[in-house]
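Single-structure report; data block below.
There are 4 protein chains.
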Amino acid sequence: MSTWGDAINVSIFGESHGQAIGVVIAGLPAGEVISWPAVLSQMARRAPGQDPTATPRREADTPQLLAGSIPQGDDAFVTTGAPLAMAIHNTNTRSQDYGEKMTVPRPGHADYPAFVKHHGASDHRGGGHFSGRLTAPVVFAGAVCRQILARKDIAIAAHALQIGQAKDQPFPRCAIDAALMQDLSSRYFATIDPQAQNAMRQEIAVAHEQLDSIGGIIECACTGLPPGIAGEGIFGGIESALAPMIFAIPACKGLDFGAGFDVATLRGSQNNDAYFYDGDQVKSRTNHAGGSLGGISTGMPLLFRAAFKPTPSIAREQHSVDLQQHVDTTLNLRGRHDPCIIPRAIPVVEAMTAIAILNLLHVSNA
Amino acid sequence: MSTWGDAINVSIFGESHGQAIGVVIAGLPAGEVISWPAVLSQMARRAPGQDPTATPRREADTPQLLAGSIPQGDDAFVTTGAPLAMAIHNTNTRSQDYGEKMTVPRPGHADYPAFVKHHGASDHRGGGHFSGRLTAPVVFAGAVCRQILARKDIAIAAHALQIGQAKDQPFPRCAIDAALMQDLSSRYFATIDPQAQNAMRQEIAVAHEQLDSIGGIIECACTGLPPGIAGEGIFGGIESALAPMIFAIPACKGLDFGAGFDVATLRGSQNNDAYFYDGDQVKSRTNHAGGSLGGISTGMPLLFRAAFKPTPSIAREQHSVDLQQHVDTTLNLRGRHDPCIIPRAIPVVEAMTAIAILNLLHVSNA
Amino acid sequence: MSTWGDAINVSIFGESHGQAIGVVIAGLPAGEVISWPAVLSQMARRAPGQDPTATPRREADTPQLLAGSIPQGDDAFVTTGAPLAMAIHNTNTRSQDYGEKMTVPRPGHADYPAFVKHHGASDHRGGGHFSGRLTAPVVFAGAVCRQILARKDIAIAAHALQIGQAKDQPFPRCAIDAALMQDLSSRYFATIDPQAQNAMRQEIAVAHEQLDSIGGIIECACTGLPPGIAGEGIFGGIESALAPMIFAIPACKGLDFGAGFDVATLRGSQNNDAYFYDGDQVKSRTNHAGGSLGGISTGMPLLFRAAFKPTPSIAREQHSVDLQQHVDTTLNLRGRHDPCIIPRAIPVVEAMTAIAILNLLHVSNA
Amino acid sequence: MSTWGDAINVSIFGESHGQAIGVVIAGLPAGEVISWPAVLSQMARRAPGQDPTATPRREADTPQLLAGSIPQGDDAFVTTGAPLAMAIHNTNTRSQDYGEKMTVPRPGHADYPAFVKHHGASDHRGGGHFSGRLTAPVVFAGAVCRQILARKDIAIAAHALQIGQAKDQPFPRCAIDAALMQDLSSRYFATIDPQAQNAMRQEIAVAHEQLDSIGGIIECACTGLPPGIAGEGIFGGIESALAPMIFAIPACKGLDFGAGFDVATLRGSQNNDAYFYDGDQVKSRTNHAGGSLGGISTGMPLLFRAAFKPTPSIAREQHSVDLQQHVDTTLNLRGRHDPCIIPRAIPVVEAMTAIAILNLLHVSNA
């Protein structure tokens, strides 16, 4: 579904070249004061055109509130308890031509399977409903949810862990500084090690020069989540709550928690996190679990990694098929594309996490 | 929730040392003939005690139908369209003592966070609702669903891809032989390369001797899925449908599709799968996408990997806390534990996939 | 939730005096051509200001498509398979003053319980999210769904069955003429017997003169629904699918199917509908069941009645409380109010039915 | 679906003549002590064979716990936070013959539409999944939920308001004595006025003598619900939460709240409930709203009526069709049937209400 969540429910709408994109967020608590600058700064982290790593396409991306709030001064709005609805009207789209049917699906894009699923009726322009542009309302929704979470001392931050061969250092596993969380979640293309970012930019630049693109990995942390938070039953775990949202981000192909895929070579004696009392609090000396055991929060930082494939839109000639003529053909894409999606995907990963965690807190009556 | 699925809905119940475990499966089509031997052979693949790699604990694990079917001869039953309910009564559980409260949570288990979530009221014996034993009804449900899928020429099979340093060869990406699918999905502890299994058994044996356990990776394939299958909207993709079910398997810490985490170092020109016409069918020459683009099936094999941590129950002394006395302490576990969960988890991964795919087909009206 | 439906899912947003009202409809099939005149004529049936029975407040109520469609000529649009989103921007609202807190809740309105639920943060102006104005997007969504249903020869129509003491004749129970369905579902304030409408208008006029309002009953029929349509299990019946949608219409206080509350005095020998073969079709000679047995469609017309209370906004002085001062007080409402909601609620009942039935068909894979 | 509820979720399974009937209840809070005598006394109120008004068929109806609880002494169990599963094994069913296909559907039963929906594969014996027998697990689930509600001072009680021409007095609208609630919810075939019960028994006796059956109306009250309780948005109202559950009770054909269908003849000045301060509490002098405005609880008693049709199983010859021969025919039913479902449906209405209200409280985080 385009909607997700049993307590905090988000309905995302829009197509890349349609009239508008937006979101309806149901189930938000009433009376929450939401800062506009804090929302807009999150959206700016995802916006295109701000950096050589990204597409030069500029979008106004100005969110317009449709319902569910009352202004408070010039810089904030207050939730009313009714669904919060927001739309961003499309302004800078080159093609307005509705007549062209898709004939040659772009490799690596949803074009072909969407064509089959929708019997040729999808709006394929710019990827339609599968466009990365749909993540703008996701970031809006996340920016609202994270302000509510912040009042419960829950913070969410992510950074580029790897792009090509360039790697950042990972989050500390057991104690993540509040200042680091704050810093990462405020920046564009955040890395923990500034040197890592330079190496990553170099990877992107080379790929771009070669008319190509490059993939990467984002690491995300959520701190301040108390122990004992989860939905109900075996499908109610934190991983099961987060995974459908993270995999809903276009281009995401992998997700792991804590030690993740490295558990394949770990022994139980290495992977188990030993408990101890830190004052009144039960903590663990390591955090291979990534903050979740049996799908329930342990009170340690929630840690996960998400892998994103290289942007499928590349300027090289590619082999494809002509769906009208039923023959093989080649494709040469033009246009403005991100050579690497990682920098702009970072705030999207944080946003999905914020929505999922706020939903979990409500589901847990916490 | 303990229930999952909008069209095919499974409600799993039970606790390791409770009276029974089982499942209610709603939404199954009526009139489907289900073979008992085919169900029982799937359940046998997950059953403990059959092999030195697994716990010597033997469970009868005889599924008893409660509702939703009518017998057909001695070896089959027919679905009636009402929810199919099944229970397995617990017989071989050592502890029947309800009085003992949990005091020392086992590291790596759900004990501590479940204690917090349920205010000390969980049935912690044997892991309670978080026990791997709860996967027996999952395999039952999957065994029913896969028989219905087989009539649509959809097959699901998995194998041990890695345990410790020992690795199997992966599935061929583009054309997987029906005989291989059939063979893998019939065997206990299946590998594609028989030598790999020997190396894996060696890894497990060494870990076991050292009073330890070892993790691993399972690779799963689904063949025969037509192109264009998906739920609706950005949260309706195949990955978002499968992920909450796979992560609901105890000990699962990672999941990736197609090229998965390797996309971090891939270029778009490498990762994009070029299309061509194979007769009337659109196929791709590679399958880095793992059979899904934009969350919609491409018609190529669906391929994913799931990482499972080493069994947290190990016979070594571990550091933990005493939740009643509020002091640090140590813990020495006794009992019968799998030194590696991978062999028995293989049919569970297949089962969750079968349930998720049958649900998706119904949701897609396909 | 503001969202409803497992296959066709509608998310309604908006508040009476907010920026906009609208709806996101997910799960619609792709490629459906939707006629604009047919949509607008349905919305016109609900619009205020067209008749002495209704409030003189005029709303432009022009629906603006945001996403999920591509124009086809000037008079139609085609669904793309992505969520169809629509907004109506508010233009004619008198109060723009956000500062006023609600102090005196209007009797019969949601003011007081919404104040408690939302801790005083709701937008109470004009009833906020509980305003009848929110039914405009419902009618839009229904107008889309009914065009899709019409292609399957399923028609939905409703009429004013009773207002005060004035009564219309009910639908024929077993065979409803297609022309009657077409006629009723095209008109404003439809009755089957034209005389009945005059009597009803008289009831409304008298109530209005007396600064009062009056309630009524709407009867709705759905023809062409094949037998065997239902969701799954005991909560999946047609009544359980329709009821939450009909009761979501503001002011609805009662709902019954077929013989409805009259069953209290009926004998089984009277109420049972005897079957017979009409050619190849199984039909019943009576239709006390209202087209549903065990929650499954019988193939006979689906028939139900919904009761709507008198508009709570009346121009008489009423007793209430001052929530700020914590004292009893009186209230004198001004403004423009419908003396009877029935005429404008008719197309809303039809619209909710259209959404529910299209959802059921998808759920039933029919 | 056979499952219902977003926070407290019940999955009902079973068929009249199958192996067992039962329920899985997910989302219950952990640590709740549930009294067995209180559960069994509720189930006894629904059990057949206890009274001349009901079928002489006796069922053991002994609920067997499968999971989700730990015994506490002999007379209670404690919820563990895992899904609570219960089964009742069928013992006293006459027909064990699986071979007979349904050929002649019983008028007024789900036989025919279920035959179409399930392509002849349903278990039609005794009504299958549509049997009133499926309400036994509903009463079990309600008996658990009402004990949890009682700790929040929320009580639920119902009585026979009307059977044929015999009528009981309705609940007082504004202040319902706790003793009355307690008394009604403990008795079999409760009426407020003992004389009314005599008249009702007479109605049933006459119908029975005439080989016929009779319908009726049940009125239900829920007291102690604080103001401000509701789900979210326009589909989240109390009526929309209760209605699908009440209509899921076999034979229910109507439901109204507060003044209900009588609103058709009421003026706004009559129907509006004027507020006043009773100490610190806002109350209303009348309760035409039935405790709900805008779908949100007002703090006044929740009041509704549900109409149940006469039992369709009657001993008279009826007209029907032969689905195998495709000809009209007649049907003579034998067996043991309730001449009136009302007495045994009373605790079922209460149970559905208890489940729905506990779910609402969880959804509202109240």
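Read top to bottom, the protein sequences are chains R, V, X and W.
Under the numbering used here, the letters of the first sequence match residues 1 to 366, in that order.
Under the numbering used here, the letters of the second sequence match residues 367 to 732, in that order.
Under the numbering used here, the letters of the third sequence match residues 733 to 1098, in that order.
Under the numbering used here, the letters of the fourth sequence match residues 1099 to 1464, in that order.
All C-beta atoms, glycine included, are put in the ideal place defined by N, C-alpha and C.
Taking the C-beta atoms as reference points, Ile-662 of chain V is found no nearer than 7 Å to Ile-12 of chain R. Just so you know, the alpha carbons of His-856 of chain X and Asp-843 of chain X end up roughly 7 Å apart.
Per DSSP, Asp-1376 of chain W lies in no alpha helix (DSSP H) segment; the continuous beta strand (DSSP E) that holds it begins and ends at 1373-1376. Here the alpha carbon of Ala-26 of chain R sits roughly 56 Å from the alpha carbon of Glu-1307 of chain W. Note on geometry: alpha-carbon atoms of His-118 of chain R and Asn-1004 of chain X lie some 44 Å from one another. Cβ neighbours of Arg-316 of chain R within its own chain (closer than 6 Å, five residues either side excluded): Leu-211. Residues of chain V whose Cβ lies closer than 9 Å to the Cβ of Asp-738 of chain X are, in chain order, Asp-372, Ala-373 and Val-729. Here Ile-1123 of chain W is bridged, per DSSP, to W:Val-1108 and W:Leu-1182. Within 7 Å of the CB of Glu-232 of chain R, the CB atoms of chain W belong to Ala-1124 and Gly-1125, in sequence order along the chain.
Less than 7 Å divides the Cβ of Ser-748 of chain X from the Cβ of Gly-859 of chain X.
Membership of Ala-882 of chain X in any beta strand (DSSP E) is not indicated; the residue belongs instead to the alpha helix (DSSP H) covering 867-882. At a cut-off of 7 Å between beta-carbon atoms, Ala-150 of chain R makes no contact with chain V.
Scanning chain V for C-beta atoms nearer than 7 Å to the C-beta of Pro-815 of chain X yields Gly-599, reported in chain order. Assignment of beta-bridge partners to Arg-1403 of chain W by DSSP yields W:Glu-1317 and W:Asp-1354.
Cβ neighbours of Ala-433 of chain V within its own chain (closer than 6 Å, five residues either side excluded): Ala-451.
In terms of beta-carbon proximity, Ala-973 of chain X stays away from the interface with chain R, with every pair separated by 7 Å or more. DSSP places Lys-1199 of chain W in the coil class of the three-state scheme, outside both helix and strand.
With respect to Pro-538 of chain V, Thr-589 of chain V sits apart: the two C-beta atoms are not nearer than 7 Å. DSSP, reduced to helix, strand and coil, places Ile-615 of chain V outside both helices and strands of the structure shown, so it counts as coil.
The beta-bridge partner set that DSSP reports for Ile-1168 of chain W consists of W:Val-1176. Inclusion of Lys-985 of chain X and Ala-898 of chain X in the CB contact set at 7 Å is not warranted, their separation being larger than that value. Take the alpha-carbon of Leu-726 of chain V and the one of Phe-1238 of chain W: they are about 33 Å apart.
Straight across, the Cα-Cα distance linking Asp-417 of chain V with Pro-705 of chain V is about 11 Å.
Following the DSSP letters along the chain, one finds Gln-1280 of chain W in no beta strand (DSSP E) but inside the alpha helix (DSSP H) bounded by residues 1276-1282. Leaving aside the five residues that flank Ala-1305 of chain W on each side, the residues in its chain whose CB is nearer than 6 Å to its CB run, in chain order, Ser-1311, Ile-1312 and Pro-1437. About 4 Å separates the beta carbons of Phe-1287 of chain W and Pro-1441 of chain W, which is inside the 8 Å limit, making them a contact pair. In the three-state DSSP reduction, Ile-342 of chain R falls in the helix class (H, G or I).
Within a 10 Å sphere around the beta-carbon of Lys-833 of chain X sit fewer than 16 other beta-carbons, which makes this residue exposed. At least one CB atom of chain W sits nearer than 7 Å to the CB of Leu-987 of chain X. Burial state of Thr-696 of chain V is exposed, judged by a 10 Å Cβ sphere holding fewer than 16 other Cβ atoms. Within chain X, no C-beta atom comes nearer than 9 Å to that of Arg-1223 of chain W; the closest sits roughly 14 Å away.
Annotation for Ile-1302 of chain W: the continuous alpha helix (DSSP H) segment containing it runs 1292-1307. DSSP, read as helix, strand or coil, puts Ala-892 of chain X in strand. With 16 or more neighbouring CB atoms inside 10 Å of its own CB, Gly-380 of chain V falls in the buried class. Nearest neighbour of Asp-1104 of chain W by Cα position, chosen from R:Arg-201, R:Arg-106, R:Ala-175 and R:Glu-232, turns out to be R:Glu-232. A distance below 8 Å between beta-carbons, with the five flanking residues on each side excluded, links Gln-1368 of chain W to the following residues of its chain, in chain order: His-1386.
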